[in-house]
Each structure stands twice: as C-alpha cells, then as structure tokens.
Amino acid sequence: MTGRIITARHGRPDLSRDVTITAREYGEWWARYDESGLHPDERPPESLIALARGAKTVLSSTLPRAIETAAKATGGAREVPADPIYVEAPLPAPPLPDFLKLKPGLWGVVSRAFWILGYAPAGVEHNRETWARVDEIAARLDALSQKGDVLLCAHGYLNWMIDRRLLREGWKRTEREGGNHYWSWRIYEPAGDKRAVGAEVAAE
62 MTGRIITARH GRPDLSRDVT ITAREYGEWW ARYDESGLHP DERPPESLIA LARGAKTVLS
122 STLPRAIETA AKATGGAREV PADPIYVEAP LPAPPLPDFL KLKPGLWGVV SRAFWILGYA
182 PAGVEHNRET WARVDEIAAR LDALSQKGDV LLCAHGYLNW MIDRRLLREG WKRTEREGGN
242 HYWSWRIYEP AGDKRAVGAE VAAE
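Each residue of the sequence shown is one higher than the one before, counting from 62 in the working numbering.
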C-alpha cells in the first residue's frame, strides 16, 4: 500500500534576524543563512521525531540547516541522503537602492515578490525553472512512497511549492503542525485511485 509523503521545514538557524540592512547587505546575509546550521538550542518536536521513526525513507536538502534537522529528527540513527534538488527556492536580493533598510524577514518578503514576478539575476534559478524542479521532486516523492512513508526535511517556500504540486496530483493534505514556522510539517495521503495503484505495485 502506498505510504504517506511528509514534508518538514528545518529548525531555527544560528543567525540573528535582529539587524537592519540594505538590499545588497541582505544578499550577503542570505548567503550566511545558507551556510549556517541550527542554533544550538534547537530541538525537534516529538511529533516530528515520531514521524521520522516511522518513515521508510528520510531525505534532506544539502544545506546545513536541513541536514542537521534530519539528523536531529532521526536522532542520528540512520543515514539520510542529501540532494541539492531539495534546496530552497532562490531568494535573490532585489535591485533596490541602499537608502532603504529593512530587517531580513521583510527583505525576504520583498525578495520573494521580485522573484515570483520574474526577477532572476544571471546564475539564479528562474521561477519557472524552480517549478520544473518541484515537478521532479513530487515525482520522486511519489515513487518513494510506494515503499512506505517518506519524510523530506527541506525549506519553507519550497515545501509550499511541493504542497501545490502534490495537491494537483491528487494527494490529500491530512495533517499539519506549526503552520510554516521552523520545525513545521505536513502529511499527505494518496487519494483512492492513487492508493489502489500503490497496492498493485507492492503486489508485483
């Protein structure tokens, strides 16, 4: 029988958001964010630990905060393959003048809006390219679910994009915890027709 797909957002990284910076400085801040692991005080919720314990497959992106999230959720008791296909959707600093200063959280909103509208400097993955990557991710998770529950430890916006694709493909979001905050997770179960196909594959 087809298992469930579970997506989880990483825990809180070890980098302060309590700064006011320019757009250019936000680009530098985001690069440090990608390099940072989890804050030393971070601990996964028991609900996520239980989901990881019951998962046949656990995966993560190649960014430190996702790798450490998977390690903490599994207690370091199993190998967790990391793949760059699961890294966060790009968040390039917008082309705005230095007199405008905001905190990183607000710059994230502005940057995401620019990116959604098509802003992608040279070398940055375009919005449509990320959606193509998400299509491949959804297909991978679907295939892995044929063997049992699969847990992906990844990132906030990417997980939202995966949510859109899974729902479009007939999966049903049955549980969630934490909204879109750190350590949040969502569970997807196959619809009736998809569950039947999974049972046929398992029987072969």
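Where is the CB? At the ideal position from N, CA and C, for every residue including glycine. In this text the structure is predicted, and so the values were computed from the model without any measurement.
Measure how close the beta-carbons of residue i and residue j come, nearest whole angstrom, since I'm counting them as under 8 Å.
i   : j    : result
H71 : H216 : 6 Å
A39 : L219 : Summary: the structure shown does not reach residue 39, with the chain confined to residues 62 through 265, and so no result is reported for it.
R73 : E103 : 5 Å
Taking C-alpha atoms, which residue in the options lies nearest to residue i?
i    : options                   : result
F175 : E190, L152, T191 and R234 : L152
I248 : A111, R126, T135 and S77  : A111
E278 : A200, L205, P145 and D159 : Since the first and last residues shown for the chain are 62 and 265, residue 278 lies out of range.
P106 : A131, G98, E89 and A92    : A131
E89  : W168, G98 and L228        : W168
W91  : R173, R139 and A183       : R173
R201 : L227, R189 and R234       : L227
A143 : A193, A183 and C214       : C214
Y87  : G166, G136 and K133       : G166
R225 : T135, A193 and A183       : A193
Only counting the same chain, and skipping five residues up and downstream in sequence, which positions put a Cβ closer than 8 Å to that of residue i?
i    : result
T81  : K162, L163 and K164
A264 : Note that A264 has pLDDT 39, beneath the 50 cutoff, so the model's placement of it is unreliable and no number is given.
R93  : L76
I177 : N188
Flag this pair as yes or no: are the beta carbons of residue i and residue j separated by less than 7 Å?
i    : j    : result
G64  : D210 : yes
S108 : E236 : no
P155 : V171 : yes
H100 : D75  : yes
S121 : A113 : no
L129 : G98  : For the record, residue 129 in the displayed sequence is Glu; it is not Leu. Yes, the pair counts as a contact, with Cβ atoms nearer than the cut-off.
V141 : V119 : yes
Might you give, ordered along the chain, the residues of its own chain that have their beta carbon closer than 7 Å to the beta carbon of residue i, omitting 5 neighbours on each side?
i    : result
D95  : L124
I223 : T68, V195, I198 and A199
D159 : T83 and R85
A135 : It should be noted that the sequence gives Thr, not Ala, for residue 135. Correct list, in chain order: A113, V119 and V141.
R229 : none
Residue i lies in the alpha helix (DSSP H); which residues open and close that run?
i    : result
L163 : Unbroken run through L163: none, as it is neither H nor E.
W244 : No alpha helix (DSSP H) holds W244; DSSP gives it neither H nor E.
E107 : E107 to G115
S206 : N188 to S206
L319 : The question about residue 319 has no answer, for the chain in this structure spans 62 to 265.
With a threshold of 6 Å on Cβ separation, who are the neighbours of residue i within its own chain once the five nearest residues in sequence on each side are excluded?
i    : result
E197 : none
V262 : Any reading at V262 must be qualified, since the residue scores a pLDDT of 34, below 50, and its modelled position is unreliable; the value itself is stated next. Counting only Cβ-Cβ distances below 6 Å, and skipping sequence neighbours, we find Q207.
G84  : The displayed chain sequence assigns Ala, not Gly, to residue 84. Cβ within range, chain order: A154, P155 and L157.
T191 : A150
V258 : Unreliable placement is indicated for V258, whose pLDDT of 44 sits below 50; the coordinate value is still reported in the next sentence. Around V258: no qualifying Cβ.
E250 : R65, K233 and T235
W221 : none
L56  : Nothing can be reported for residue 56: it is not among the residues displayed for the chain, which extend from 62 to 265.
Could you spell out where the beta strand (DSSP E) holding residue i opens and where it closes?
i    : result
E140 : That residue, E140, is in no beta strand (DSSP E); it is neither H nor E in DSSP.
I66  : I66 to R70
E236 : W232 to E238
T130 : Element bounds for T130: not the beta strand (DSSP E) but the alpha helix (DSSP H), P125 to T135.
L76  : That residue, L76, is in no beta strand (DSSP E); it is neither H nor E in DSSP.
Hey, would you say the C-beta of residue i is under 6 Å away from at least one heavy atom of the ligand SAM?
i   : result
E89 : Although the ligand SAM was asked about, the structure shown includes no ligands whatsoever.
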